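Q: In this note's numbering, the protein residues as written are 132 to 256. Heads up, the beta-carbon is just placed ideally off N, CA and C, and yes, glycines get one too. As the structure is a computational prediction, the values presented were derived from the model and not from experiment.
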Amino acid sequence: MALMFFNGGAMRGGPLHHLLSGSPFVTTTTTAPKYRFYAVGDQCPALYPVSHGGAAVTGEVYDVPLDDLRDKVLPAEPHELELGVVELADGSSAFAMLLRRPYTSHVALRDITEVGDWRAYRASA
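#1: At what residues does the beta strand (DSSP E) containing S224 begin and finish?
#2: Bridge partners of P176, per DSSP?
#3: Have a look at the DSSP bridge pairing and note the partners of D194.
#4: Would you list the one or two residues that DSSP bridges to L219?
#5: Give every residue of the same chain whose Cβ lies closer than 8 Å to the Cβ of T161, excluding the five residues on either side of it in the sequence, and list them in chain order.
Structure representation (structure tokens):
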């Protein structure tokens, strides 16, 4: 089992939440304020770690079996994202999907750091 922070479509009520079937919900939380937050082509969110100018981003943590992470979650992620580790508000760590470095896609990025919440961003769009 691996703690995984989700901040987009896999959260409760989202179109990808079914991928977490059987994965225990742990908590709703935020990241530490160390990330820029982007909408990738207005289709999915992406975190990007920064040394300054970051903010906290809202999400949910699940305890995901590694087999499910390998076989269900990661294959459903867009090419623009990669698996990484984030710092949560309480100082602990969790896996999360980060903006691929270097970013080589032609898909437009929109900085939504000030919103800090994918659901709030989608509701305002």
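A: Considering the structure as presented:
#1: S224 to L230
#2: A170
#3: L134
#4: T162
#5: A187, V188, T189, G190, L219, A220 and G247
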